[in-house]
Every structure is written in structure tokens, then in C-alpha cells.
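Engineer: Chains as they are written, first to last, in the numbering used here: chain G, 1 to 381; chain P, 1001 to 1203. Glycine is no exception: its CB is placed at the ideal position from the N, C-alpha and C atoms. A quick note: this is a predicted structure, and the numbers were derived from the prediction, not measured. Below you'll find the structure I mean.
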Amino acid sequence: MTRTTEGGSVGVTTTRTARLFTAESPLVLASGAELGPVDVAYETYGTLAPDGSNAVYICHALTGDAHAAGWHEGDRRPGWWDNLIGPGKPLDTDRFFVICSNLIGGCRGSTGPSSTDPATGAAYGMDFPLLAMADFVAVHRALLAHLGVTRLLVALGGSLGGMQVLQWSLDHPEDMAHAAIVAASSRLTAQNIAFSAVARRAIMDDPQFLDGQYAQQGTNPDVGLSIARMMAHITYLSEDAFTEKFGRSPQGETTNGGFGIDFAVESYLDHQGQVFLERFDALSYLYLTRVMDYFDPFSRPHALAGLAASPVRYLVLSFDTDWRFSTEHSLRIVRHLEAVQQPVTFRELRSPYGHDSFLLDDPAYHATLRAWFDRALEVGT
Amino acid sequence: MTAPTQLRLDLQLVADQVFAGSRVLDLGCGSGSLLAHLMERKRCTGQGVEIDPDSVLAAIRRGVPVLDRRIEDALVDIADDSYDTVVLSRTLQTMLRPEFVLAQMARVAERLVVSVPNFGWYRNRLRLLGGRMPVSKEIPYLWYNSPNLRFTTLADLEDLFDQLHLIVDRRFTYTEHGRRLRMYGQSANLMASAAVYVLRPAR
């Protein structure tokens, strides 16, 4: 692939944690349930302008975290969206103030099902309340208040991140001037839900899952979680990407013709599954994927009503080989927004790499983001 | 900020046909100069449709909302009567299904502004008489690299308007130098290198 990343790094970054809700003043979830305390892990890059007009919120995807850019001490890889964020990059940290936080329900520093329930002194497990997309948004808004940001220049997200941006812009359009929704969906298809269902079944049927009490028992549903990741990973890449990367290459010098890891692609998936265990929690996987299954913001009555008073400038992007959230998903979002006269820019970008393209530095993709961000800065909040 | 835009002559003519404050759909919006002009000077809101990658990028940079889609595909997703004016400037001749595009335009807006090169212009006719395909300022392509798929004279085009129950409210014809012609009837079909039509569906 052509590497077009220009510009520098934000350098060494630190993930900070803010307690945004407490047991006394809990987060009231969309379901009516209460959650407190709520801690949120976040990072920021760049400097907030004196008039607060340059804030960009990054919403991460299913397995992302607050560490979007720069380096943590000792890491071999930079943050997950480092090719986009940094001095001179499309999200130029010399000009933009960038915020990225870890989702609640996650496991990368924010409160989630494996956090300790202060009421019991043990991990929540399956007692953790079910979440909705609006709950992620409520916590993002609380973090903004904590940081003293009153209005966003841009909210940006890919995949599940784009779904948060969509929900946020519909429910609180006054919070933002611009919204960028990349490789996302407003409503999962039966096929999307089916993949998630099999992933969850793999986790929950793992004998080590123990009804979600695995942490207390000092074990982990490794087999189920790694299978879930292996399968999901197949949906993140296109068939061509797999062919280009592995073809039918054998893994070793000799193949046994048995049922081991004979092909390079098998080894790759096995590796993806194994490294995932080090950084992701099985319960978080259940909770976060379920939020996606139920997401259907346009089905609500008057879903788009708020945009009339506070229009948002939208950017909706898809990738032609993304079969997890195909272009049709993005066009559905575009249709709804255009129908209520919101200014929408839409592009289907060409990339051979499938859903994961939104994390890569494809030249046309990054040129599009750069042009749109530069214009957003001129328009202002 | 973007400097105030100086419009190409034919685009200025098109812009003059758009009422201030109206909602405009610009099919084949290029780099968005018409919409930017209408948004800045005439308080219009609008949406562009364009497929050329460099033009799309320029429109984005200029702050013009643009759908990077084929015009036929974009049109079918747009609700009935959802725009005041729909513009198609120098693009109809590149459409595989011009009659479909015009019918869809009539569905989504009550006012259509269509600008076209005239293949019936006398110099084009002379080129053909000399045994050569027309090449001119309006049609600066050779037959094998032209984006133009459909070649029409003003007379043929007006027949199609009739067939689609599109009423010609105004017709502006002009020379290859952009000078307005004061001609009516069939003589314009000979003398005009291009034309701008303002149409309204008979409803």
C-alpha cells in the first residue's frame, strides 16, 4: 500500500482518567438503570483554542481505546489512529484540539462489566447494566463538560465510532458544528447481527465463561473470546485483502495435511485471536456488540427533528470493499439526512482492504478528510 | 476564506435564474462554484452531485456539500418536490439516459435549469459536411475520448421537453464567445453554440 502519512507524531502521550459520575450522583442510563461511579479514560492532543472553537471528538470502534495517537512508553506501535492525528496530519494537532475517550462498557480504563461494583466489592459481571448508544453519548458529553468544552467543531468516528457520532448529532445537534461518520451504519442487517450472535455464543458457551464470573474464579474464556475475534476479523477484511496478504501460502516448510495450522491465513487468524486476549475482556465484547445490534436511531419518532434548529454539516464515507458495513449502510444515513435538508457530503472510497480501510492511510481517504477538516476550521463552531 | 467567486459566463446566466433563498440541487456541480456563489450571494442552501474525484475534493474544500455519486443514482434517492430549483449545466449530453434524468429532475423540483451545448450549431454542421466530427469550444473532444454520450440539437432537445411535458419558461441562446443571441424559433438552432433553458413541469 502507498504510505502517504505526512507530518509528525504527537509524541509520548498519557491516558488520564476522570470520574464523571459517582455512586451518589450516578449516570442514569437510557434504560432507566443507574451506574456509578463512572470513570472514563481519555487522551487529548493539541491545545484548545482560547475561544474553544477547535475541539474534535474521536469516537472509537468496537475494540478501540483512548490511545488514538502518539506513543506510550515501551510500546512497539503508536495509537490506533496515529496516521490521522498529529502535527501536519489531516487532523493537525497544531491547529485542532483532539479528544478521544474509552467507551463505558469497555475494558481499557473506563468503567465496564469487569470493573469492581462498589456495592459488592466484586466485578459487576453480568450484573452490569445493558447499555445503549445514547449512554455512550451521555458519557462523552460529561467528559466535554469536565474538560470545559462547550461545543465541538467536529465529532468523528469510524464503524461503532460513527454510530456514536450519528446518535450524538441527532440527539444533541447543538453540541457540534460538523459530524463525520465513516464506515458506519444506522441499522445493522440480519447478517451483521448473525456474526455478532455467533461471536457471543462462542464466548458464552466457553466452559470458562462461568456466567460472567470468570474473573473471580481466576480464569478467562480464552477459547471463546479468541474465536469471536478470529471470526470478526474475517469480516473486517475483504476477500481480495486476504488473497493479497496470504493467498494459499502454507504456514511452514512442510504441511501435514492434518487439522493444524497449515495455511498462513490460519496462523494469522490464530495470532489475531491470541493477541486480542491480552487487551480485551469477554464481557465488554458482549455488552458493546449488543449495543450495535439494537442501534436504529432513525426508527424513533422525530429522530431528526432537532437538526432543523441546529443544522450539522455531515461527512459520510464508505469503502467499496467493506462488506461488514457496505456503502448501502452509508447511503441510508445520507438519504435520511438529505431528506431533512442537512448539508451532506458523501464519498465511497476505493480501497481493497474492506472495513478496516477506515483505519488505514489511503491517499484519497485522507485527502478527503484533510479538505473537510480544513474547511471545518474556516467555518468554525 | 474562499475568495468571492467569479463565475463562468454560462454559470452566471444559470445563477441569475435561481431565486434568492431557494434550495438548489446542482447535478454535475464540478468544484461547486455555482453553489458556492448561490450560498454566499443569494442565501441559497444546496446540495451538489459530482463524480470527478478532483472536482469533488475541490467542492469539499470550498464547503459545498457534495454527493460523490452518479447523477442517475443520486436522483432516485431524492424525495419528490424537495428542491426549489434543480440545475444541470453542460451535463445532459454525458448522461446515458437523458430522458430519465430530465423526468427525475421534474419530480424533485418545480424549476429546472438546463444548459447544453448545441450540436446543431452551424460550425458543427460544417464540420460534419467536411466529413469530420464536430470539435469546438463547447465540444472540445475527439470522438474517442469524449465524455459526451448523447448528441442533440436544440430542436431535438425541445421535442424531448415536449414529450416529457416540460414547459420552456425561458430560453437563452448564445454564441461560442458567450454573447447572447436575440433569436427565436429555429434560427437559434443554427446560430447558437449553447443554450440555457428554464423549465417547469406541467402539473
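Please confirm whether residue 26 of chain G has its beta-carbon closer than 8 Å to some beta-carbon of chain P.
Structural biologist: For the purposes of this step, residue 26 of chain G is identified with residue 26 of the first sequence, where counting begins at 1. Chain P contact via Cβ: absent.
Engineer: According to DSSP, is residue 80 of chain G part of a helix, a strand, or is it coil?
Structural biologist: Within the first sequence, residue 80 of chain G is the residue found at index 80, counting from 1. Three-state result, residue 80 of chain G: coil.
Engineer: Rounded to the nearest angstrom, how far is the Cβ of residue 177 of chain G from that of residue 162 of chain G, given a contact under 8 Å?
Structural biologist: Here residue 177 of chain G refers to the residue found at position 177 when the first sequence is read from its first residue. Here residue 162 of chain G refers to the residue found at position 162 when the first sequence is read from its first residue. Not confirmed; about 17 Å, so no contact.
Engineer: Can you pull the chain P neighbours of residue 334 of chain G, defined as C-beta to C-beta under 8 Å?
Structural biologist: Counting from 1 along the first sequence, the entry for residue 334 of chain G is found at position 334. Result: 1067, 1077.
Engineer: List the residues of chain P whose Cβ lies closer than 7 Å to the Cβ of residue 374 of chain G, in chain order.
Structural biologist: Position 374 of the first sequence holds residue 374 of chain G. The answer, in chain order, is 1061.
Engineer: Under a CB-based cut-off of 8 Å, is residue 347 of chain G close to chain P?
Structural biologist: Against the first sequence, residue 347 of chain G aligns to sequence position 347. So, interface residue.
Engineer: Would you call residue 1143 of chain P buried or exposed, if buried means 16 or more other Cβ atoms sit within 10 Å of its Cβ?
Structural biologist: As a working note, residue 1143 of chain P is residue 143 in the second sequence. Exposed is the call here.
Engineer: Do you know how far the Cα of residue 1188 of chain P is from the Cα of residue 1048 of chain P?
Structural biologist: Sequence index remark: in the second sequence, residue 1048 of chain P carries index 48 (1-based). Sequence index remark: in the second sequence, residue 1188 of chain P carries index 188 (1-based). Each residue's alpha carbon lies about 30 Å from the other.
Engineer: When the Cα atoms are used, what is the spatial distance from residue 95 of chain G to residue 50 of chain G?
Structural biologist: For the purposes of this step, residue 95 of chain G is taken as the residue at position 95 of the first sequence. For the purposes of this step, residue 50 of chain G is taken as the residue at position 50 of the first sequence. So the two alpha carbons sit approximately 12 Å from each other.
Engineer: Is the Cβ of residue 339 of chain G closer than 8 Å to any Cβ of chain P?
Structural biologist: In the first sequence, counting from the first residue as 1, residue 339 of chain G sits at position 339. Answer yes: the Cβ-Cβ gap between residue 339 of chain G and chain P drops below 8 Å somewhere.
Engineer: When the distance is taken between beta carbons, is residue 72 of chain G closer than 8 Å to residue 13 of chain G?
Structural biologist: Here residue 13 of chain G refers to the residue found at position 13 of the first sequence. Here residue 72 of chain G refers to the residue found at position 72 of the first sequence. It is a contact, given that the beta carbons lie within the stated cut-off.
Engineer: Between residue 383 of chain G and residue 333 of chain G, which are expected to be in contact by the criterion C-beta below 8 Å, what is the C-beta distance as a whole number of angstroms?
Structural biologist: Because chain G spans 1 through 381 in this model, residue 383 of chain G falls outside it and cannot be assessed.
Engineer: Report the residues of the stretch 178 to 200 of chain G with a CB closer than 8 Å to any CB of chain P, ordered along the chain.
Structural biologist: If the cut-off is 8 Å between Cβ atoms, the stretch 178 to 200 of chain G has nothing near chain P.
Engineer: I want to see whether chain G comes within less than 8 Å of residue 1047 of chain P, judged by CB atoms only; does it?
Structural biologist: Reading the second sequence from its first residue, position 47 is the one you call residue 1047 of chain P. Yes - at least one Cβ of chain G is within 8 Å of the one on residue 1047 of chain P.
Engineer: Which residue from G:156, G:122, G:165, G:139 puts its Cα closest to that of residue 98 of chain G?
Structural biologist: The count along the first sequence starts at 1 and reaches residue 98 of chain G at position 98. Among G:156, G:122, G:165, G:139, the Cα nearest to that of residue 98 of chain G belongs to G:156.
Engineer: Examine chain G for any beta-carbon lying closer than 8 Å to the beta-carbon of residue 1056 of chain P, and answer yes or no.
Structural biologist: Within the second sequence, the letter at position 56 stands for residue 1056 of chain P. Yes, residue 1056 of chain P counts as interfacial toward chain G.
Engineer: When we look at the beta-carbon of residue 1167 of chain P and count the other beta-carbons within 10 Å, is it buried (16 or more) or exposed?
Structural biologist: Within the second sequence, numbered from 1, the residue matching residue 1167 of chain P stands at position 167. Burial call: exposed.
Engineer: Note the first and the last residue of the continuous alpha helix (DSSP H) segment covering residue 1035 of chain P.
Structural biologist: Counted from its first residue, the second sequence places residue 1035 of chain P at position 35. Residues 1033 to 1041.
Engineer: Kindly examine the ligand NAP and report whether one of its heavy atoms sits closer than 7 Å to the Cβ of residue 151 of chain G.
Structural biologist: The ligand NAP is not among the ligands present in this structure, which contains no ligands whatsoever.
Engineer: Closer than 8 Å is the cut-off here; do at least three beta carbon pairs connect the stretch 278 to 291 of chain G with the stretch 140 to 152 of chain G?
Structural biologist: Too few Cβ pairs lie closer than 8 Å, so no.
Engineer: Report the option in G:29, G:11, G:337 whose CA atom is closest to the CA atom of residue 179 of chain G.
Structural biologist: Taking the first residue of the first sequence as 1, we reach residue 179 of chain G at position 179. Nearest option by C-alpha distance: G:337.
Engineer: So, does the CB of residue 1003 of chain P fall closer than 8 Å to a CB anywhere in chain G?
Structural biologist: For this step, residue 1003 of chain P is matched to residue 3 along the second sequence. With a pLDDT of 48 at residue 1003 of chain P, under the threshold of 50, the predicted position of this residue should be treated as unreliable, though the coordinate-derived value follows. With 8 Å as the cut-off, residue 1003 of chain P does not count as an interface residue toward chain G.
Engineer: Taking all protein chains shown into account, decide if residue 329 of chain G is buried (16 or more other Cβ within 10 angstroms of its Cβ) or exposed.
Structural biologist: If you number the first sequence from 1, residue 329 of chain G lands on position 329. Burial call: buried.
Engineer: How about residue 86 of chain G and residue 8 of chain G: are their beta carbons less than 8 Å apart?
Structural biologist: On the first sequence, position 86 is the one that residue 86 of chain G refers to. On the first sequence, position 8 is the one that residue 8 of chain G refers to. In this structure, residue 8 of chain G lies closer than 8 Å to residue 86 of chain G by Cβ.
Engineer: Using 8 Å as the threshold, is the stretch 299 to 318 of chain G in touch with the stretch 211 to 221 of chain G, meaning 3 or more CB pairs across them?
Structural biologist: The stretch 299 to 318 of chain G is not in contact with the stretch 211 to 221 of chain G.
Engineer: Okay, do the stretch 337 to 347 of chain G and the stretch 1061 to 1070 of chain P touch, 3+ Cβ pairs below 8 Å being the bar?
Structural biologist: Verdict: yes, contact present.
Engineer: Touching or not, the stretch 365 to 380 of chain G and the stretch 163 to 171 of chain G, by the rule of three or more beta carbon pairs under 8 Å?
Structural biologist: The stretch 365 to 380 of chain G vs the stretch 163 to 171 of chain G: no contact.
Engineer: On the DSSP bridge assignment, give the partners of residue 1008 of chain P in chain order.
Structural biologist: Locating residue 1008 of chain P in the second sequence gives position 8, where the first residue counts as 1. Note: residue 1008 of chain P sits in no beta bridge, so no partner.
Engineer: Using C-beta distances below 7 Å, list every residue in its chain close to residue 1015 of chain P, excluding the 5 sequence neighbours before and after it, in chain order.
Structural biologist: Translated into positions along the second sequence, residue 1015 of chain P becomes position 15. Contacts found: 1007, 1034, 1037, 1038.
Engineer: Along chain P, which residues have their Cβ under 9 Å away from the Cβ of residue 321 of chain G?
Structural biologist: The sequence position of residue 321 of chain G within the first sequence is 321, counting from 1. Chain P residues near residue 321 of chain G: none, gap ~16 Å exceeds 9 Å.
Engineer: Output, in chain order, the set of chain P residues within a Cβ distance shorter than 9 Å of residue 424 of chain G.
Structural biologist: Within the shown structure, residues of chain G are numbered from 1 to 381, placing residue 424 of chain G beyond reach of any answer.
Engineer: Where residue 133 of chain G and residue 235 of chain G are concerned, what is the direct C-alpha to C-alpha distance, given to the nearest angstrom?
Structural biologist: For this step, residue 133 of chain G is matched to residue 133 along the first sequence. For this step, residue 235 of chain G is matched to residue 235 along the first sequence. When rounded, the distance between both Cα atoms is 22 Å.
Engineer: Counting only runs of 4+ residues fully inside the stretch 115 to 170 of chain G, write out the alpha helix (DSSP H) ranges in chain order.
Structural biologist: If we require 4 residues or more, the alpha helix (DSSP H) runs fully inside the stretch 115 to 170 of chain G come out as 133 to 147.
Engineer: Any Cβ of chain P within less than 8 Å of the Cβ of residue 139 of chain G?
Structural biologist: By one-based count along the first sequence, residue 139 of chain G stands at place 139. Chain P contact via Cβ: absent.
Engineer: Give me the DSSP bridge partner(s) of residue 1205 of chain P.
Structural biologist: Because residue 1205 of chain P is not part of the residues shown, which for chain P are 1001 to 1203, the question remains open.
Engineer: Are the CB atoms of residue 65 of chain G and residue 111 of chain G within a distance shorter than 8 Å?
Structural biologist: For the purposes of this step, residue 111 of chain G is taken as the residue at position 111 of the first sequence. For the purposes of this step, residue 65 of chain G is taken as the residue at position 65 of the first sequence. Result no, Cβ atoms of residue 111 of chain G and residue 65 of chain G do not sit closer than 8 Å.
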